[in-house]
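**Student:**
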Amino acid sequence: MNDAAPDEQRSWLPLALAGGFVAFALVVALLAYFANDTSKPVSARSVDEVAELAIEAVERADADFAQELSCSDEASTPYVGDESAQATKSAVEGEATGSFRLTIPGTGQFALTVEQDGDRSCVAGVIQID
Numbered sequence: 704m705n706d707a708a709p710d711e712q713r714s715w716l717p718l719a720l721a722g723g724f725v726a727f728a729l730v731v732a733l734l735a736y737f738a739n740d741t742s743k744p745v746s747a748r749s750v751d752e753v754a755e756l757a758i759e760a761v762e763r764a765d766a767d768f769a770q771e772l773s774c775s776d777e778a779s780t781p782y783v784g785d786e787s788a789q790a791t792k793s794a795v796e797g798e799a800t801g802s803f804r805l806t807i808p809g810t811g812q813f814a815l816t817v818e819q820d821g822d823r824s825c826v827a828g829v830i831q832i833d
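Sequential numbering of the sequence shown, starting at 704, is according to this note's numbering.
#1: If we call anything under 8 Å between Cβ atoms a contact, is glycine 797 one with valine 750?
#2: Assuming the contact rule is C-beta atoms closer than 8 Å, serine 802 and alanine 814 should be a hit. Round their C-beta distance to whole Å, please.
#3: Using the rule of at least 16 other Cβ atoms within 10 Å of the residue's Cβ for burial, across every protein chain shown, is isoleucine 807 buried or exposed?
#4: Can you name the start and end residues of the alpha helix (DSSP H) that aspartate 675 belongs to?
#5: Going straight from the alpha carbon of leucine 772 to that of isoleucine 830, what length do you get?
#6: In whole angstroms, what is the alpha-carbon distance linking valine 795 and isoleucine 832?
#7: Apart from the five residues on each side of it in sequence, which residues of its chain come closer than 7 Å, Cβ to Cβ, to tyrosine 736?
#8: Going by C-alpha distance, which of Asp765, Leu805, Leu716 and Ala719 is nearest glutamine 752?
#9: For valine 826, which beta-bridge partners are listed by DSSP?
#10: Just curious, the beta strand (DSSP E) that glutamate 796 is in, first and last residue?
#11: In this structure, how does DSSP classify serine 714 when only helix, strand and coil are distinguished?
#12: So who's on the other strand from isoleucine 832, going by DSSP bridges?
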């Protein structure tokens, strides 16, 4: 009978549990970091995607999100509405570059020009048309 064997077998168990917990905590921390990383600009690759994201920005009343759709840090985003706004898009033209109209009831209609900035499509200009 070898009484030393059970002690040797038990000694790795706490280390394995601690190592598993550390690995799990690291995975959770990385997932939380990348899921909440707002430093990356919104990435749209077409005029239609930009239009959909503009609608989302209006309906969320999120000026920061709308600004991320802009090609320029200095561009204004006058088309942000309020949380009750139900924006619609129309006259979507082009693929990576082009234009579309955004209608916000009670606010007006806007013509947005979309250009490419690197590999993403973004809002290059906004004009209120009514």
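Glycine included, C-beta positions come from ideal geometry on N, C-alpha and C.
**Tutor:** So, from the listed chains and residues:
#1: The criterion of a C-beta distance shorter than 8 Å is satisfied by glycine 797 and valine 750.
#2: Serine 802 to alanine 814, Cβ: 6 Å. Contact.
#3: So isoleucine 807 ends up on the buried side.
#4: Residue 675 cannot be examined here, being either before or after the span of the chain that is shown, 704 to 833.
#5: Taking the straight line from one Cα to the other gives about 15 Å.
#6: Take the alpha-carbon of valine 795 and the one of isoleucine 832: they are about 16 Å apart.
#7: Legend: pLDDT at tyrosine 736 = 49, less than 50; position of this residue unreliable, value from coordinates given subsequently. None.
#8: First, the amino acid is wrong: residue 752 is glutamate here, not glutamine. If we check each option's Cα against that of glutamate 752, Leu805 comes out closest.
#9: Valine 826 is bridged by DSSP to Ser773 and Val817.
#10: Unbroken beta strand (DSSP E) run through glutamate 796: 791 to 797.
#11: Residue state, collapsed to three classes: helix.
#12: Its beta-bridge partners do not exist; DSSP assigns none.
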